[in-house]
Structures are given as structure tokens and as C-alpha cells.
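2 protein chains.
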Amino acid sequence: MPDTRSYSISDLAAEFGVTTRTLRFYEEKGFLAPERRGRVRYFSAADRVRLRLILRGRRLGLSLEESAEIIDLYKAPEGGKRQLTALLDKLAERRAQLEKQAADLTATLADLAGVEDACRAALADLNPARSR
Amino acid sequence: MPDTRSYSISDLAAEFGVTTRTLRFYEEKGFLAPERRGRVRYFSAADRVRLRLILRGRRLGLSLEESAEIIDLYKAPEGGKRQLTALLDKLAERRAQLEKQAADLTATLADLAGVEDACRAALADLNPARSR
DNA sequence: ATCTGTATTGACGTTAACGTCAACGTAATT
DNA sequence: AATTACGTTGACGTTAACGTCAATACAGAT
Numbered sequence: 001m002p003d004t005r006s007y008s009i010s011d012l013a014a015e016f017g018v019t020t021r022t023l024r025f026y027e028e029k030g031f032l033a034p035e036r037r038g039r040v041r042y043f044s045a046a047d048r049v050r051l052r053l054i055l056r057g058r059r060l061g062l063s064l065e066e067s068a069e070i071i072d073l074y075k076a077p078e079g080g081k082r083q084l085t086a087l088l089d090k091l092a093e094r095r096a097q098l099e100k101q102a103a104d105l106t107a108t109l110a111d112l113a114g115v116e117d118a119c120r121a122a123l124a125d126l127n128p129a130r131s132r
Numbered sequence: 133m134p135d136t137r138s139y140s141i142s143d144l145a146a147e148f149g150v151t152t153r154t155l156r157f158y159e160e161k162g163f164l165a166p167e168r169r170g171r172v173r174y175f176s177a178a179d180r181v182r183l184r185l186i187l188r189g190r191r192l193g194l195s196l197e198e199s200a201e202i203i204d205l206y207k208a209p210e211g212g213k214r215q216l217t218a219l220l221d222k223l224a225e226r227r228a229q230l231e232k233q234a235a236d237l238t239a240t241l242a243d244l245a246g247v248e249d250a251c252r253a254a255l256a257d258l259n260p261a262r263s264r
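If you read the protein sequences in the order shown, they are chains A and B. Heads up, the first sequence is in our numbering, so the first residue is 1 and it goes up one at a time. Heads up, the second sequence is in our numbering, so the first residue is 133 and it goes up one at a time.
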């Protein structure tokens, strides 16, 4: 069975550590489209996954727009040769960007590691008895 | 010799692909502090490095504030045990965040790779003659 | 002298991504 | 009937990170 359970707005907000305002905002902007019974929102498992991806993009520093675009790429590729080729181009573009980001990340982590070393050395130097 | 050459504001802007407005803004906010002769700014090699680091942080999705904080961590660790321990805590915190980001990154790249595969398969399927 | 190029300082405008009310509806308890 | 707990829709406020003028200064070439 395809996980027919639904989530209230505050369920999701609590689970992902965001406010309900954020979720309403995402719907207003079209990044989420929960079911509506009356005025009340019911988030499906699919909505939940989509939210997870959006927030993942956010942690990567992407705009909501960018995240949404990438998520839309995830959808089953259909269409003619032209569409598919265009999609491949976009994918390559994204990959290039993300790989640059990965490089930046490792560089920063390396820098931080260097500082950590120096810091530990200074500490040990300052307290020779309890060095390890 | 310690690279005594200096850069004009538009030199740096051109080199790093930002506008002069951006550099003035960074100075105004205290993220850069170029030398001033009269009213004119002269950026040193050190300023240039700092700018590079700021922009690296920006590509990682950090705020300027966060980038500046990290860059300040890079400075030679001094101070007493208390300071050094606090610094180590900050470093660990940063590292945790960046490592989470790295995980997000690899996950996203994996997703994109999956889409690329499906896309190529669809293309090959659509044009069996020229598959490779 | 004037023009061209590059610099400067205000100062207001803009966009994204929400925060923060206020006013209200509704369903279940007390 | 009143409280409590959750939901809703406006609508205005906020912050970061610049963009976009406008008015001005100054140095060198024409």
C-alpha cells in the first residue's frame, strides 16, 4: 500500500524544524501543493518527500526556485529528443555547479582542519603535562 | 618580497566577477578594509585573499557574517586555554555543518546521476540506431 | 579649456524568504 | 456556554545583499 497517511501542517513543521508559516509560504509560491479539504491542508507522503528535498536544497544554499527546478528534473524524463537533450544540458550545468561547491567545501574543511591542528598544538604547548 | 602591489576597486571587481558596489558594500559592513589614500581605495594582496574567501563562503551558501566569522577563525590561534577551547568548539560546530552539507551534496549529485542515466536510456531507446 | 575615464559618497529601490501580528473558523473538552 | 487547541486568511514588517541612480571629484589626454 502506497502510504496513504496524511500529515497536518504542524506535524510536518515539527518534524522538519520549520514553522507553519514556512509551509504556507511554500504553498503560496507553488513549491508545495497539499490537498485541501475545505480550507484545511493535508500533506501527503509525496508532499513530505518534496519538502525534504526543498530543505536539502536550502541547506546547500540554493534558492527555493533553484531547488524546485532541480526537483522537477527528478521527474521521469519524457518528451522527445530535443527535450531530453535540453534536460541533459541542465543536469550537466547543475552538476558543474555542485562540484564546484564540493571543491569549495573540501577546501574550507581543509582550512579548518589546519586551524584545529594549530589550536591543539597551542593548547598542548600551553599545558605540557596533559598533552596526549 | 611580500607582494606589495595593490589593486583598484575595478581590478578586483573584474577579476572576481562582482561589481564595485559589492566591494564598497563589503567595506561598509566591515568585511573588507582596504587602504585609503584620500578617498580612494587601494586593495592589498591580503584584501584580495580575504575577498576570495568571502566569495568562497558565498558559493557555499553562507551569509557574509558567517564567512567573516570563519575567516577570522583562520587567524593564528592565540589566547589562553579558555579561548582555545572555545575556538575548538566553534571549529567542531562549523565542521559538523559543513559535513552535513557535504552529505546533502553527494545525495543530490547521486540523484542527478540517476536522472542522467534514465535520460540517456530514454534517448537511446528513442533512437536505437545511434546508441553507444 | 574640455573631454574621457575612473573614482567617490549618499540615498533610495529591490528581491527572497520568511516573521509577526490580527481576526476569524471549528471541533473537542470542561 | 466557555475554554482550549488547532486550523485558516490577509496584510504589513524585516533582514540580507546588493542594484541603481545622481551628484561630485580628479587625473590625464586632446
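Idealized CB from N, CA, C, for every residue including glycine. All figures in this text were calculated on a predicted structure; none of them were measured in a lab.
Neighbour flag for A:A110 against chain B, beta carbons, 8 Å: As a first step, residue 110 of chain A must be located in the first sequence, where it is residue number 110. Chain B places no beta carbon closer than 8 Å to that of A:A110, leaving this residue out of the contacts.
Through-space distance from B:E201 to A:R59, alpha-carbon basis: Taking the first residue of the first sequence as 1, we reach residue 59 of chain A at position 59. Taking the first residue of the second sequence as 1, we reach residue 201 of chain B at position 69. Distance between the alpha carbons of A:R59 and B:E201: 18 Å.
DSSP three-state assignment for B:V172, whether helix, strand or coil: Walking along the second sequence from the start, residue 172 of chain B turns up at place 40. Three-state DSSP puts B:V172 in a strand.
Straight-line gap, B:S263 to A:R37 (C-alpha atoms, nearest Å): Sequence index remark: in the second sequence, residue 263 of chain B carries index 131 (1-based). Sequence index remark: in the first sequence, residue 37 of chain A carries index 37 (1-based). Legend: pLDDT at B:S263 = 45, less than 50; position of this residue unreliable, value from coordinates given subsequently. One C-alpha to the other measures close to 49 Å.
Closer than 7 Å at the beta carbon, the chain A residues around B:A254: Along the second sequence, read from residue 1 onward, the residue named residue 254 of chain B stands at position 122. Those are P77, L84, listed as they occur along chain A.
Pair within 8 Å by beta-carbon distance, B:N259 and A:K81: In the second sequence, the residue the question calls residue 259 of chain B occupies position 127. In the first sequence, the residue the question calls residue 81 of chain A occupies position 81. In this structure, A:K81 lies closer than 8 Å to B:N259 by Cβ.
DSSP beta-bridge partners of B:Y139: In the second sequence, counting from the first residue as 1, residue 139 of chain B sits at position 7. Answer is B:F175, bridged to B:Y139.
Beta carbon proximity, B:S263 to chain A, threshold 8 Å: Reading the second sequence from its first residue, position 131 is the one you call residue 263 of chain B. At B:S263, the pLDDT of 45 sits below 50, so the modelled position is not reliable; the number obtained from the coordinates is stated separately. No, no contact with chain A.
B:L196 versus B:T154 - alpha carbon distance: Your numbering for residue 196 of chain B matches position 64 in the second sequence. Your numbering for residue 154 of chain B matches position 22 in the second sequence. If you draw a straight line from the Cα of B:L196 to the Cα of B:T154, it is about 12 Å long.
Residue from A:L87, A:V40, A:I71 with nearest C-alpha to B:E248: Locating residue 248 of chain B in the second sequence gives position 116, counting from the first residue. It is A:L87.
Own chain residues within Cβ distance below 8 Å of B:P134, not counting five before or after: Here residue 134 of chain B is taken as the residue at index 2 of the second sequence, counted from 1. Excluding positions up to five away in sequence, the list reads A177.
Classification of B:G189 by the beta-carbon crowding that lies within 10 angstroms, buried from 16 upward: By one-based count along the second sequence, residue 189 of chain B stands at place 57. Burial call: buried.
Buried or exposed by the 16-neighbour rule on C-beta atoms within 10 Å, applied to B:T240: Counting from 1 along the second sequence, the entry for residue 240 of chain B is found at position 108. That one is buried.
Short CB-CB distance (under 8 Å) between B:G193 and chain A: Indexing the second sequence from 1 puts residue 193 of chain B at position 61. Taking Cβ atoms only, chain A reaches closer than 8 Å to B:G193, which makes this a yes.
As assigned by DSSP and simplified to three states, the class of B:E167: Taking the second sequence and counting its residues from 1, one reaches residue 167 of chain B at position 35. B:E167: strand per DSSP, three-state reduction.
Run of the alpha helix (DSSP H) containing B:E248, from where it starts to where it stops: Position 116 of the second sequence, counted from the first residue, corresponds to residue 248 of chain B. It spans 213-258 - the alpha helix (DSSP H) in which B:E248 sits, taken as one unbroken run.
Same chain, Cβ closer than 8 Å to B:I186, neighbours up to 5 away in sequence not counted: Along the second sequence, read from residue 1 onward, the residue named residue 186 of chain B stands at position 54. Contacts found: Y158, F163, L164, L196, S199, A200, I203.
Cβ-Cβ distance between B:Q233 and A:L105 below 8 Å: Stepping through the second sequence from its first residue, residue 233 of chain B is reached at position 101. Stepping through the first sequence from its first residue, residue 105 of chain A is reached at position 105. Yes. Within cutoff.
Closer than 9 Å at the beta carbon, the chain B residues around A:A102: Position 102 of the first sequence holds residue 102 of chain A. Per Cβ cutoff of 9 Å: A234, L237, T238, L241.
Short Cβ contact (8 Å threshold) for A:L73 with A:L62: The residue given as residue 73 of chain A occupies position 73 in the first sequence. The residue given as residue 62 of chain A occupies position 62 in the first sequence. Their beta carbons are not under 8 Å apart, which means A:L73 does not touch A:L62 by this criterion.
Simplified DSSP assignment, three categories, for B:S263: As a working mapping, residue 263 of chain B is identified with position 131 in the second sequence. Here the model assigns B:S263 a pLDDT of 45, short of 50, so the residue's position is not dependable, and the following value carries that caveat. In the structure shown, B:S263 sits in coil (DSSP, three-state: anything other than H, G, I, E or B).
Top-ranked residue by Cα proximity to B:A253, from A:V40, A:V18, A:P77: Indexing the second sequence from 1 puts residue 253 of chain B at position 121. Nearest of A:V40, A:V18, A:P77 to B:A253, Cα basis: A:P77.
For A:T19, the first and last residue of its enclosing alpha helix (DSSP H): To locate residue 19 of chain A, count along the first sequence from 1; it is residue 19. Looking at the DSSP string, A:T19 is not in any alpha helix (DSSP H), and its letter there is neither H nor E.
Below-8 Å beta-carbon distance, B:K213 vs any chain A residue: Here residue 213 of chain B refers to the residue found at position 81 when the second sequence is read from its first residue. So yes, B:K213 belongs to the interface.
Neighbour list for B:Y206 in chain A, Cβ cutoff strictly below 7 Å: Within the second sequence, residue 206 of chain B is the residue found at index 74, counting from 1. Correct list: D111, V115.
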